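Read the structure below first, then the notes.
There are 2 protein chains.
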Amino acid sequence: MSSRRRRSLERATLSDVARSAGCSLMSASRALSQPERVSDALRERVMAAVKALGYVPHTAARNLASARSNLIAVIIPSLSNAVFVDTVEAIQRVLMPAGYELMIGVSHYHPEEDERLLRAYLAHQPAGLLVTGFERSDAAREVLGSYTSPIVTLMELSDADEEYCVGFSQLEAGAAMTRKLLERGYRNIAFAAAQLDPRTLQRAEGYRQVMRGASRYDAALELLTPQVSSIGLGAELLDRLLAQHPEIDAIFFNNDDLALGALFRARQLNLAVPERLAVAGFNDLPAAAWMHPALTTVRTTRGEIGKLAGQMLLSLMRGESPPQRRIDVGFEVVMRESA
Amino acid sequence: MSSRRRRSLERATLSDVARSAGCSLMSASRALSQPERVSDALRERVMAAVKALGYVPHTAARNLASARSNLIAVIIPSLSNAVFVDTVEAIQRVLMPAGYELMIGVSHYHPEEDERLLRAYLAHQPAGLLVTGFERSDAAREVLGSYTSPIVTLMELSDADEEYCVGFSQLEAGAAMTRKLLERGYRNIAFAAAQLDPRTLQRAEGYRQVMRGASRYDAALELLTPQVSSIGLGAELLDRLLAQHPEIDAIFFNNDDLALGALFRARQLNLAVPERLAVAGFNDLPAAAWMHPALTTVRTTRGEIGKLAGQMLLSLMRGESPPQRRIDVGFEVVMRESA
DNA sequence: CTGAAAGCGCTTACAG
DNA sequence: CTGAAAGCGCTTACAG
Chain D
1 MSSRRRRSLE RATLSDVARS AGCSLMSASR ALSQPERVSD ALRERVMAAV
51 KALGYVPHTA ARNLASARSN LIAVIIPSLS NAVFVDTVEA IQRVLMPAGY
101 ELMIGVSHYH PEEDERLLRA YLAHQPAGLL VTGFERSDAA REVLGSYTSP
151 IVTLMELSDA DEEYCVGFSQ LEAGAAMTRK LLERGYRNIA FAAAQLDPRT
201 LQRAEGYRQV MRGASRYDAA LELLTPQVSS IGLGAELLDR LLAQHPEIDA
251 IFFNNDDLAL GALFRARQLN LAVPERLAVA GFNDLPAAAW MHPALTTVRT
301 TRGEIGKLAG QMLLSLMRGE SPPQRRIDVG FEVVMRESA
Chain H
1 MSSRRRRSLE RATLSDVARS AGCSLMSASR ALSQPERVSD ALRERVMAAV
51 KALGYVPHTA ARNLASARSN LIAVIIPSLS NAVFVDTVEA IQRVLMPAGY
101 ELMIGVSHYH PEEDERLLRA YLAHQPAGLL VTGFERSDAA REVLGSYTSP
151 IVTLMELSDA DEEYCVGFSQ LEAGAAMTRK LLERGYRNIA FAAAQLDPRT
201 LQRAEGYRQV MRGASRYDAA LELLTPQVSS IGLGAELLDR LLAQHPEIDA
251 IFFNNDDLAL GALFRARQLN LAVPERLAVA GFNDLPAAAW MHPALTTVRT
301 TRGEIGKLAG QMLLSLMRGE SPPQRRIDVG FEVVMRESA
């Protein structure tokens, strides 16, 4: 009668089901959650009532009452980047069959967004949390501090070795590609990056260390821009780098989108790749191998990262302690035609 | 004392906050949700307690008590397809500032997944629902039937005109590109598609109608495969089509990934595009314009779709009736070099 | 401006 | 195998 009652008219509750099945609320509850602990007759009556009323259980109420949750929050910086899509898909493939539901939050590489999402998602009491990388604002860190369920970090490896994480050394990957480029004889190797998220900067640091080690480091050959990565931006970065430093003989791009753009631009400019200019990328997206020349890049196993992180979280949520706190999935430098 | 109590030790509740602030539970509640209706002194004490205890409100409890929800469920078939990523991003941009949170579900083009997601998400009592297209299983339709909050359908337009939807006529888009190809003088135009979701089939139907109208329809030139779209598959479809029907002078691909693959393959085979074979795609992904030859394709405004659908949902959730139930955002045939 | 009580829809020990 | 009661964390009318 009160306006609160009105909702019951709109959607059936468990107590409607119980009434319709002629049993108590809690028998109805049990028939649904532990069907084997209930008589066949009761179970059938309840199921019939569920069907007749179109009953859909109220997850939030269930979670609240049971002090459990089937929600997993995963926070990634971007969905436009295929790397994270692959990771999320893999996570979903292991967590969904286990009865969990994913809440996917996209921070767009903004620390404030990251914090906002963390706050919003933790307010849902997720059973587990998957975050990308270790860097976050103090406020975000504080929010995380009050969270008591398992957390697994994606993409990066903790130095501290006291956090659960699945990833690879971004610095090492940046270093490895730079080393290869030097081995191939390139001397004036530029590094071009956008977005400037922590992983990009770690790769840049890897590049820097190797270039310094070879006494070839020149800060002017580093082009870092906070803009969003895109094919068009890659083309633009190529233009800028070559205009200012025609001596450049190779460019190592922070990701494949940028490198693809550079390859397209080189073609427009009739620049011979890799003879005049070598181009390398990062991630090995599907298009990389198909380009002409085929793109030299670093292959990352994000599917593996998602899968292993999902499994680690699963075992943590079961209260087990996983064999390893930190899983290094590695990476692979793939030399193709462009460098 | 009981094991139930233990949770309170782990995370602060509103009643902990109230105790710490020396006020009633409901004053604390009010201080948080309607800060202006509370004295400055009280507000400050409550805020201090919140901070000190690291209190995070329990969204599920709030939603349950208030019979409201800040959750919006959106169900899309894929995240690997940039089209849906763009759509979701746009939706998020309008709904998030309004205080809503997105639950993103990916059905992988499987009706059973679609149904499962619908069931799982509706169990969270979302304030609104965004779904992709109209086709779904009977079971899914039944689940939807019990849902009483607003629903807006993305991508397609309803014939019935009794549903809320934002999209464009996929059939018309397929027809328009086919017409253009005929105008350009191509005669043996093949249609190649993967995934075979409803929208793909509608585009195929558009192609069919136009080809029939021109008395050029040949069922053998339609290559439909349920496989997942990818660049590699596009290359493969080109091979198959040309092997069986060398007379083909143009291929209209169901999406850009496929068309890109065909362009790459054509280059490997030294096939002149468009002289020997014209290639057209669908969606106008970023790479399309950069290819060589640049890809002829159909530009779809998924950002617009997401934005308008989000706005429509917003006004429906406010109880308003939006000016239009059905918004046609159209499409644009973009003729470039490949056809 | 502030508070006591009831209730959101469900589950969990505890009895029988 | 089944049920009455209490409680999950919060908000909502209703009083004062």
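These protein sequences, in sequence, are chains D and H.
So for the first sequence, UniProt numbering puts the first residue at 1; every next one is plus one.
So for the second sequence, UniProt numbering puts the first residue at 1; every next one is plus one.
Beta carbons: idealized from backbone N, C-alpha and C, even for Gly.
Bear in mind that the values here come from a model prediction, so they are computed numbers and not experimental data.
Measure the alpha-carbon distance for residue i versus residue j and round it to whole angstroms.
{"i": "L129(D)", "j": "G145(D)", "result": "12 Å"}
{"i": "N270(D)", "j": "A220(D)", "result": "25 Å"}
{"i": "F331(H)", "j": "R318(H)", "result": "30 Å"}
{"i": "Q324(D)", "j": "V152(D)", "result": "12 Å"}
{"i": "L241(H)", "j": "T13(D)", "result": "56 Å"}
{"i": "R116(H)", "j": "Y109(D)", "result": "31 Å"}
{"i": "A190(H)", "j": "F252(H)", "result": "6 Å"}
{"i": "Y217(D)", "j": "R208(D)", "result": "7 Å"}
{"i": "E304(D)", "j": "V88(D)", "result": "11 Å"}
{"i": "T296(H)", "j": "A287(H)", "result": "11 Å"}
{"i": "R276(H)", "j": "D249(H)", "result": "6 Å"}
{"i": "M335(D)", "j": "E183(H)", "result": "44 Å"}
{"i": "A90(D)", "j": "L313(D)", "result": "13 Å"}
{"i": "W290(H)", "j": "R141(H)", "result": "42 Å"}
{"i": "R239(D)", "j": "V273(D)", "result": "Inspection of the sequence shows that residue 239(D) is occupied by Asp rather than by Arg. Taking the straight line joining both Cα atoms gives about 14 Å."}
{"i": "G174(D)", "j": "F282(D)", "result": "9 Å"}
{"i": "T301(D)", "j": "A60(H)", "result": "36 Å"}
{"i": "A309(D)", "j": "R119(D)", "result": "22 Å"}
{"i": "S158(D)", "j": "T132(D)", "result": "12 Å"}
{"i": "A52(D)", "j": "S20(D)", "result": "9 Å"}
{"i": "E44(H)", "j": "I76(D)", "result": "34 Å"}
Would you please verify whether the beta carbon of residue i is less than 8 Å from any beta carbon of chain D?
{"i": "G128(H)", "result": "no"}
{"i": "S29(H)", "result": "no"}
{"i": "G213(H)", "result": "no"}
{"i": "L25(H)", "result": "no"}
{"i": "G145(H)", "result": "yes"}
{"i": "N188(H)", "result": "no"}
{"i": "T59(H)", "result": "yes"}
{"i": "P97(H)", "result": "no"}
{"i": "residue 340(H)", "result": "Beyond the ends of chain H as shown, which are 1 and 339, falls residue 340(H); an answer cannot be given."}
{"i": "L64(H)", "result": "yes"}
{"i": "G174(H)", "result": "no"}
{"i": "R93(H)", "result": "no"}
{"i": "S230(H)", "result": "yes"}
With DSSP run on the structure shown, which of helix, strand or coil describes residue i?
{"i": "R30(H)", "result": "helix"}
{"i": "V273(D)", "result": "coil"}
{"i": "R336(H)", "result": "coil"}
{"i": "I327(D)", "result": "strand"}
{"i": "V38(D)", "result": "coil"}
{"i": "G167(H)", "result": "strand"}
{"i": "R299(H)", "result": "strand"}
{"i": "F134(H)", "result": "coil"}
{"i": "G99(H)", "result": "coil"}
{"i": "L71(H)", "result": "strand"}
{"i": "M155(D)", "result": "strand"}
{"i": "G319(H)", "result": "coil"}
{"i": "A192(D)", "result": "strand"}
Within the 8 Å Cβ cut-off, does residue i reach chain H?
{"i": "T13(D)", "result": "no"}
{"i": "R119(D)", "result": "yes"}
{"i": "P35(D)", "result": "no"}
{"i": "A49(D)", "result": "no"}
{"i": "E304(D)", "result": "no"}
{"i": "S80(D)", "result": "yes"}
{"i": "V88(D)", "result": "yes"}
{"i": "E135(D)", "result": "no"}
{"i": "E247(D)", "result": "no"}
Tell whether a beta-carbon distance below 8 Å holds between residue i and residue j.
{"i": "G213(H)", "j": "A235(H)", "result": "no"}
{"i": "A82(D)", "j": "L263(D)", "result": "no"}
{"i": "A278(D)", "j": "S338(D)", "result": "yes"}
{"i": "residue 340(H)", "j": "V329(H)", "result": "Given that chain H is displayed from residue 1 to residue 339, the structure contains no residue 340(H) and the question cannot be resolved."}
{"i": "Q202(D)", "j": "Q170(D)", "result": "yes"}
{"i": "R326(H)", "j": "D161(H)", "result": "yes"}
Could you give the C-beta distance for residue i and residue j, rounded to a whole number, given that I count them as a contact under 8 Å?
{"i": "G192(D)", "j": "L223(D)", "result": "It should be pointed out that residue 192(D) corresponds to Ala in this sequence rather than to Gly. About 5 Å; that satisfies the 8 Å criterion."}
{"i": "H124(H)", "j": "L181(H)", "result": "So it is not a contact: roughly 46 Å between Cβ atoms."}
{"i": "A194(H)", "j": "L233(H)", "result": "6 Å"}
{"i": "L32(D)", "j": "P150(D)", "result": "Actually they do not touch by this definition, with Cβ atoms about 27 Å apart."}
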